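Trainee: Numbering (my numbering), first residue to last: 115 to 645. Ideal Cβ positions, reconstructed from N, Cα and C, are used throughout, including at glycine. Keep in mind the model is a prediction, meaning the values are calculated, not measured.
1) Does the CB of residue 407 have a neighbour CB from chain D at under 8 angstroms?
2) Counting only the same chain and skipping the five closest in sequence on each side, list residues whose C-beta sits under 8 angstroms from that of residue 499.
3) Do residue 123 and residue 225 have their C-beta atoms within less than 8 angstroms of each other?
4) Under the rule that 16 or more other beta-carbon atoms within 10 Å means buried, what is residue 647, buried or exposed?
5) Contact check, residue 120 vs residue 177 under 8 angstroms by CB: the rounded distance?
6) Are residue 371 and residue 383 closer than 8 angstroms when you measure CB to CB?
7) Among all the DSSP beta bridges, which residues are the ones paired with residue 168?
8) With DSSP collapsed to three states, give me the class of residue 117.
9) Could you give the distance in angstroms between the alpha-carbon of residue 549 and the alpha-carbon of residue 511?
10) What does a CB cutoff of less than 8 angstroms around residue 565 pick up in its chain, not counting 5 residues either side in sequence?
11) Run through the stretch 323 to 383 for me and flag every whole beta strand (DSSP E) of 3 or more residues, listed as ranges in chain order.
12) Kindly identify the DSSP beta-bridge partner or partners of residue 284.
13) Give, in chain order, every unbroken run of the beta strand (DSSP E) that is at least 3 residues long and sits entirely within the stretch 493 to 521.
14) Looking only at C-alpha atoms, which of 426, 239, 626 sits nearest to residue 163?
15) With H, G and I counted as helix, E and B as strand and the rest as coil, what does DSSP make of residue 101?
16) Along the beta strand (DSSP E) that carries residue 309, what are the first and last residues, could you check?
17) Could you say which of 519, 496, 317, 194 lies nearest to residue 175 if we only look at CA atoms?
18) How big is the Cα-Cα spacing for residue 127 and residue 151?
19) Considering only C-alpha positions, which residue in the set 458, 350, 445, 450 is nearest to residue 467?
20) To the nearest angstrom, how far is the alpha carbon of residue 563 from that of residue 574?
21) Measuring alpha carbon to alpha carbon, tell me which of 265, 344, 300 ends up nearest residue 320.
22) Under a Cβ-count criterion, where at least 16 other Cβ atoms within 10 Å of its own Cβ denotes burial, should residue 547 be classed as buried or exposed?
23) Could you give the C-beta distance for residue 287 and residue 268, rounded to a whole number, given that I count them as a contact under 8 angstroms?
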């Protein structure tokens, strides 16, 4: 059933009553006026879709009334009623923008057909306006979604809204995510950007209507509506304005307000369509920009903390080297002077000092690797021999845990081009990590295969495995799977980070495959390394 609003003006009471009854029965919402001036007064109070008016009325003709009503509502459709034979008047009505005319006397069918035809024309014009509005916004939507700086995005949204609708003032009000308070976030006039002061806060009634109805609210000066802006001074030069909500997932996050100084430049249907699409796109873009800002702030904070942590470790390593050197010097003297029964104690101190030196070397190596201050010294390296050396040096560590280490490296890999010492450090860290991750009595295996002009090495353990959410973090410096307060494994958590840097320095890549409870396998590749 039809739901459009129709304003009917005729000084003949019988004709007026007949039209009101007939159109009301068809489902239209009708209002009646007995003359042109009364029709204009009603049009200033509310919006109508169509004006059905007799042309010859005392005081103000129907054509004059139509022109005056269009100043309030440029999109209203007009249908004229004129006496039989007044063709010239009917033609004048069409020239002034009316859609159709009816000649008296007319039937109810003719009335219904004329009204239906005129409203259908309006619907088609509105749809055409909507499609035209989407064309410029297609490119703009691409721009909005790529802007991550919130302030810049808000200015772009407002400039677009003002330019596309030829408005004189544009205001964007947003809800503060922290306090929940409404704040003026951006102001743009036809003269340029302005400071977003509280002066341009929308009135509570306008903001409420837009937010609760989640639709456009049209405001006209000298009407019974509340002021558009809460501050009276901001309304001084406005004749018409519009407010649209910014809605994301059913929640209103802000309001877009636009104003014009001339009543004759009222917002057309095409403007409303364009602004509705613009507000929808802007709301999503603003929410994305806010999310990006939160992520960036969190990342900056994390990077700052990570930098402080690295600096602390570097300073600590540097400051510990001098006392460690003294300890090693006096240990060498003690080994020559102590009695045989005390040498085991000295050896224990030496092992502890050696472990401390290893930790400091790892920290220093990581610092230079991450800074890109380490280069490769490629030579011919025998991978079977290098693996054997690593397993021999780590044998006591595995034996102390009753663990078995197996290896399978083909003799064809006796000549690869790599930086032997650095590759040995990376492999040692990976095997040592596997030993620490494997419970007593477990097994570790080291395998290598040729893959074209590269090799792929795999280190498998039968340990606890690595949860999926941890796998992207384990190659980060100082990352530990267990809390520092409860973990049983030693180390600074830099071994895997050093291994990653060494492998990437060779142009390879490193990754892990794991299943909790079934162990882990660390892989790395060294490309273009066969002699």
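Mentor: With the structure as the only source:
1) Here there is only one protein chain, and chain D is not present.
2) Cβ-Cβ distances below 8 angstroms link residue 499 to 528 in the same chain, with the five nearest sequence neighbours on each side left out; the list follows chain order.
3) In this structure, residue 225 does not lie closer than 8 angstroms to residue 123 by Cβ.
4) The structure shown does not extend to residue 647, since the chain is modelled only from 115 to 645, so the question has no answer here.
5) No, residue 120 and residue 177 are not in contact; Cβ-Cβ is about 18 angstroms, not under 8 angstroms.
6) For residue 371 and residue 383, no; Cβs fall outside 8 angstroms.
7) In the DSSP output, where bridge partners are listed per residue, residue 168 has 195.
8) The answer is coil: DSSP assigns residue 117 none of H, G, I, E or B.
9) Approximately 8 angstroms, taken between the alpha carbons.
10) 639, listed in sequence order.
11) Those beta strand (DSSP E) runs which fall completely within the stretch 323 to 383 and span 3+ residues are 331 to 334, 354 to 362, 365 to 374.
12) Its beta-bridge partners are 302, 372.
13) With a minimum length of 3 residues, the continuous beta strand (DSSP E) runs that stay inside the stretch 493 to 521 are 493 to 495.
14) For the residues 426, 239, 626, the minimum Cα distance to residue 163 belongs to 239.
15) Residue 101 cannot be examined here, being either before or after the span of the chain that is shown, 115 to 645.
16) Per DSSP, residue 309 belongs to no beta strand (DSSP E) and is neither H nor E.
17) Comparing Cα positions, the closest option is 194.
18) Cα-Cα distance, rounded: 16 angstroms.
19) Closest by alpha carbon: 445.
20) Between residue 563 and residue 574, the C-alpha separation is close to 14 angstroms.
21) Closest by C-alpha distance to residue 320, out of 265, 344, 300, is 344.
22) By the beta-carbon neighbour count (other beta carbons within 10 angstroms, threshold 16), residue 547 is buried.
23) Going by Cβ atoms, the distance from residue 287 to residue 268 rounds to 11 angstroms, so no, they are not a contact pair.
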